[in-house]
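Asker: Got a structure for you, written out below as structure tokens; questions coming shortly.
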């Protein structure tokens, strides 16, 4: 089960950054851990999906074997050029 997180109204009611570098550190941390949802595409693209999977899948009672396989396949994918 997730640790209890105190979410401020500022975080919950955010509009979302228009550039990845403008996403507040705390928002990025909470997104990566699956404690808050993204509010726009910029936030979704900024997430470290490996961290997100490692954080959320165990809560969904997905086996370590499956998690390792998914993370491995994710790491093999090429990142788009920016």
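In the working numbering, the protein residues as written are 1182 to 1263. Quick reminder that beta carbons are idealized off the backbone N, C-alpha and C, glycines included.
Leaving out five residues before and five after residue 1217 in sequence, what residues of the same chain have Cβ atoms less than 6 Å from its Cβ?
Answerer: If we look at residue 1217 and ignore the five residues flanking it on each side, its Cβ neighbours are 1211.
Asker: Using alpha carbons as the reference points, say which of 1205, 1251, 1200 lies closest to residue 1230.
Answerer: Closest option to residue 1230, Cα to Cα, is 1251.
Asker: Who are the Cβ neighbours of residue 1213 in its own chain at under 8 Å, not counting the five residues just before and after it?
Answerer: If we look at residue 1213 and ignore the five residues flanking it on each side, its Cβ neighbours are 1228, 1229, 1232, 1233, 1236.
Asker: Let's test the definition: count the other Cβ atoms within 10 Å of the Cβ of residue 1202 and tell me whether it reaches 16, buried, or not, exposed.
Answerer: Answer is exposed; the Cβ neighbour count stays below 16.
Asker: Spatial neighbours of residue 1215 within its chain, please: C-beta separation below 7 Å, excluding the five flanking residues on both sides.
Answerer: Same-chain partners within the cutoff: 1233, 1236, 1237.
Asker: Compute every distance between the C-beta of residue 1241 and the non-hydrogen atoms of the ligand SAM, then say whether any falls below 8 Å.
Answerer: For the ligand SAM, the structure offers nothing, since it holds no ligand at all.
Asker: In the DSSP assignment, find the alpha helix (DSSP H) that holds residue 1250 and state where it starts and stops.
Answerer: Unbroken alpha helix (DSSP H) run through residue 1250: 1245 to 1257.
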